Amino acid sequence: MKSKVAAMIMLVILAAMVVSPNRSTAQEMVPSYLRDRGTGMPLSQFGTYVEKGELKFYPFYEYYYDNDIEYKPAELGYGLNEDYRGRYRANEGLIFLGYGITEKLAVEFEMATISARLDKSPSDPSRVPQRIEESGLGDVEGQLRYRWNRESASQPEYFTYFETVFPTGKKNSLIGTSDWEFKLGSGLVKGLRWGTITLRAAVDYSAAEKAAGPGEFALEYLRKVSESFRVFIMVEGTEDEIFLVPEMQWVFSRCVRLKANNGFGITSKATDFAPEIGIMFSIQ
8 MKSKVAAMIM LVILAAMVVS PNRSTAQEMV PSYLRDRGTG MPLSQFGTYV EKGELKFYPF
68 YEYYYDNDIE YKPAELGYGL NEDYRGRYRA NEGLIFLGYG ITEKLAVEFE MATISARLDK
128 SPSDPSRVPQ RIEESGLGDV EGQLRYRWNR ESASQPEYFT YFETVFPTGK KNSLIGTSDW
188 EFKLGSGLVK GLRWGTITLR AAVDYSAAEK AAGPGEFALE YLRKVSESFR VFIMVEGTED
248 EIFLVPEMQW VFSRCVRLKA NNGFGITSKA TDFAPEIGIM FSIQ
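According to the numbering used here, the stretch in the sequence shown is residues 8 to 291, in order.
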């Protein structure tokens with residue numbers, strides 16, 4: 008698995024190197040409040056916006072490092088329904104596709120392959136093995152996103168998204184999702200003199216638990232520092248897992264950019280570190 012991930016990283020980096028920069032020195036004629044993001048509608052990928060008829064293709068790699076991940080032996084098929092803290096490591100290779108169907112409607116698809124390892128807690132008395140290792144297909148999900156209006160000098164842009172996570176994993180597995188999951192969220196975007204702010208929140212439904220509840224929430228900041236560099240910072244979380252995610256984006260051309268970020272767990276139940284790197288291609 009690690010060799011496949013390394014090969015994917017090398018492939019996307021080489022692809023970026025052979026693409027001609029072809030940058031325009033002229034500033035795009037957009038209002039100042041659209042300076043950071045342009046006229047596109049927001050996608051789920053950080054600091055990413057899509058135009059009508061544009062395809063976003065993003066192969067990327069993510070690593071998970073967590074020394075106190077919370078787990079229940081019962082969720083792994085070993086009976087005991089109590090919380091313990093173990094050590095978790097995972098390597099994940101992902102492919103993301105986003106397409107602007109109209110100026111107001113976009114669709115997304117994302118799938119992952121993952122290699123994960125869990126070392127059980129020393130205080131866990133259950134029959135959970137000292138180490139569980141699994142690899143294979145990870146989460147597979149899709150989104151529909153709708154923009155209600157275009158941002159103006161005085162009014163934010165409002166959007167809604169609906170996400171489906173498909174049941175691709177086995178029950179009691181360390182990887183993948185074993186049953187349907189749904190998410191419905193809304194947000195707003197507003198460009199200011201000092202950057203672009205996005206606020207969003209969602210509710211989740213799990214078919215396995217037959218329950219709905221509060222989902223993710225986030226406060227995002229995007230700043231176009233220059234024609235070739237953008238900075239993104241986000242605080243994202245759920246009820247008891249909150250992350251700080253800084254990201255840097257290097258723009259090689261209109262159709263290629265390098266994205267690199269790291270998720271830092273702010274609360275104890277959040278993953279300690281989750282670095283990500285990939286190359287995003289835009290085809291129009």
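For every residue, glycine included, the Cβ atom is placed at its ideal position computed from N, Cα and C.
None of the values given here were measured: they were computed from a predicted structure.
Quiz item: Between which two residues does the beta strand (DSSP E) carrying GLN150 extend?
Solution: What you label residue 150 is simply residue 143 of the sequence shown in a count that begins at 1. Its beta strand (DSSP E) spans residues 138-154.
Exercise. Taking 8 Å as the cut-off, decide whether the C-beta atoms of GLU115 and ARG152 are in contact.
Key: Sequence index remark: in the sequence shown, residue 115 carries index 108 (1-based). Sequence index remark: in the sequence shown, residue 152 carries index 145 (1-based). In this structure, ARG152 lies closer than 8 Å to GLU115 by Cβ.
Quiz item: Near LEU87, what residues of its chain come up, given a Cβ to Cβ distance below 7 Å and the 5 sequence neighbours on each side ignored?
Solution: Within the sequence shown, numbered from 1, the residue matching residue 87 stands at position 80. Setting aside the 5 residues that flank it on each side, LEU87 is surrounded in the same chain by PRO80, ALA81, SER133, each with a C-beta closer than 7 Å to its C-beta; the list follows chain order.
Quiz prompt | Residue span of the beta strand (DSSP E) that contains ARG134, given as start and end | solution = Here residue 134 is taken as the residue at index 127 of the sequence shown, counted from 1. It is not in any beta strand (DSSP E) - ARG134 carries neither H nor E in the DSSP assignment.
Quiz prompt | Cross-strand partners of VAL37 (DSSP beta bridge) | solution = Translated into positions along the sequence shown, residue 37 becomes position 30. Beta-bridge pairing links VAL37 to no other residue.
Exercise. Out of TYR78, GLY100, TYR106, state which residue places its alpha-carbon closest to the alpha-carbon of GLY93.
Key: Taking the sequence shown and counting its residues from 1, one reaches residue 93 at position 86. Ranking the options by Cα distance to GLY93, first place goes to TYR78.
Exercise. Compare the C-alpha of GLY176 against each of ASP131, GLU141, SER130 and name the closest.
Key: On the sequence shown, position 169 is the one that residue 176 refers to. Just measuring C-alpha positions, the residue of ASP131, GLU141, SER130 sitting nearest GLY176 is GLU141.
Quiz item: Just checking, does the stretch 108-126 make contact with the stretch 275-291 on the three C-beta pairs under 8 Å criterion?
Solution: Verdict: no, contact absent.
Self-check item: Residue burial classification, ASN268 (beta-carbon count within 10 angstroms, cutoff 16)
Solution: Stepping through the sequence shown from its first residue, residue 268 is reached at position 261. ASN268 comes out buried.
Exercise. Let me know the secondary structure DSSP gives TYR168 once reduced to three states.
Key: For the purposes of this step, residue 168 is taken as the residue at position 161 of the sequence shown. Correct three-state label for TYR168: strand.
Quiz item: Run through DSSP, which three-state label would ARG44 get?
Solution: To locate residue 44, count along the sequence shown from 1; it is residue 37. In the three-state scheme derived from DSSP, where H, G and I count as helix and E and B as strand, ARG44 is classed as coil.
Self-check item: Sequence ranges, beta strand (DSSP E) only - wholly within the stretch 231-255, length at least 3
Solution: 236-244
Practice problem: Give a yes or no on whether 8 Å exceeds the smallest Cβ distance from THR203 to chain B. | Solution: Going by chain labels, chain B is absent from the structure shown, which holds only one protein chain.
Quiz item: DSSP state of LEU50, grouped into three classes?
Solution: Translated into positions along the sequence shown, residue 50 becomes position 43. Reduced to three states, the DSSP call for LEU50 is coil.
Quiz item: So what's LEU83 in DSSP terms, helix, strand or just coil?
Solution: For the purposes of this step, residue 83 is taken as residue 76 along the sequence shown, with counting starting at 1. Helix, per DSSP.
Quiz prompt | Span separating the alpha-carbon of ARG237 from that of LEU62 | solution = Here residue 237 refers to the residue found at position 230 when the sequence shown is read from its first residue. Here residue 62 refers to the residue found at position 55 when the sequence shown is read from its first residue. So the two alpha carbons sit approximately 20 Å from each other.
Quiz item: If you draw a straight line from the C-alpha of ASP90 to the C-alpha of GLY285, how long is it?
Solution: Your numbering for residue 90 matches position 83 in the sequence shown. Your numbering for residue 285 matches position 278 in the sequence shown. The alpha-carbon atoms of ASP90 and GLY285 are separated by roughly 34 Å.
Quiz item: Is it true that the CB of TYR212 sits closer than 8 Å to the CB of PHE239?
Solution: For the purposes of this step, residue 239 is identified with residue 232 of the sequence shown, where counting begins at 1. For the purposes of this step, residue 212 is identified with residue 205 of the sequence shown, where counting begins at 1. Not a contact, by the Cβ cut-off of 8 Å.
Quiz item: Where ALA33 and VAL232 are concerned, what is the direct C-alpha to C-alpha distance, given to the nearest angstrom?
Solution: By one-based count along the sequence shown, residue 33 stands at place 26. By one-based count along the sequence shown, residue 232 stands at place 225. Residue placement at ALA33 is flagged as unreliable, the pLDDT there being 38, under the threshold of 50; the coordinate-derived value follows with that caveat. For the pair ALA33 and VAL232, the Cα-to-Cα distance works out to about 15 Å.
Quiz prompt | Among TYR56, ARG138, ALA208, the one whose alpha carbon lies nearest that of GLU246 | solution = Your numbering for residue 246 matches position 239 in the sequence shown. Closest by alpha carbon: ALA208.
Quiz item: Exposed or buried, VAL25, counting other C-beta atoms within 10 Å across all chains shown (16 or more means buried)?
Solution: The count along the sequence shown starts at 1 and reaches residue 25 at position 18. With a pLDDT of 48 at VAL25, under the threshold of 50, the modelled position of that residue is not reliable, and no figure is offered here.
Exercise. Over the uninterrupted beta strand (DSSP E) stretch that includes LYS266, give me the two end residues.
Key: As a position in the sequence shown, residue 266 is number 259, starting the count at 1. Taken as a continuous stretch (DSSP letters only), the beta strand (DSSP E) holding LYS266 covers 263-272.
Quiz item: What residue from GLU216, ALA277, PRO174 has the CA that sits closest to GLY149's CA?
Solution: Numbered from 1 along the sequence shown, position 142 holds the residue referred to as residue 149. It is PRO174.
Quiz prompt | Buried/exposed call for THR274, threshold 16 Cβ in 10 Å | solution = Locating residue 274 in the sequence shown gives position 267, where the first residue counts as 1. With a threshold of 16 other beta carbon atoms within 10 Å, THR274 falls short and is exposed.
Exercise. Note down, in chain order, each residue of its chain lying with its Cβ closer than 6 Å to the Cβ of GLU227, except the 5 sequence neighbours on either side.
Key: Start at 1 with the first residue of the sequence shown, and residue 227 comes out as number 220. Taken in chain order, the residues that qualify are THR205, MET241.
Self-check item: Coarse secondary structure for PRO129, derived from DSSP in three states
Solution: The sequence position of residue 129 within the sequence shown is 122, counting from 1. Residue state, collapsed to three classes: coil.
Practice problem: Assign LYS217 to buried or exposed, taking buried as 16 or more other Cβ atoms, counted over all protein chains shown, within 10 Å of its Cβ. | Solution: Taking the sequence shown and counting its residues from 1, the one referred to as residue 217 is at position 210. Exposed, because fewer than 16 other Cβ atoms sit within 10 Å of the Cβ of LYS217.
Self-check item: Straight-line gap, GLU254 to ASN179 (C-alpha atoms, nearest Å)
Solution: Along the sequence shown, one-based indexing puts residue 254 at 247. Along the sequence shown, one-based indexing puts residue 179 at 172. In this structure, the alpha-carbon of GLU254 lies about 33 Å from that of ASN179.
Practice problem: Report yes if the C-beta distance between VAL57 and GLY47 is below 8 Å; otherwise report no. | Solution: Here residue 57 refers to the residue found at position 50 of the sequence shown. Here residue 47 refers to the residue found at position 40 of the sequence shown. Yes; because the gap between Cβ atoms is below 8 Å, this pair is in contact.
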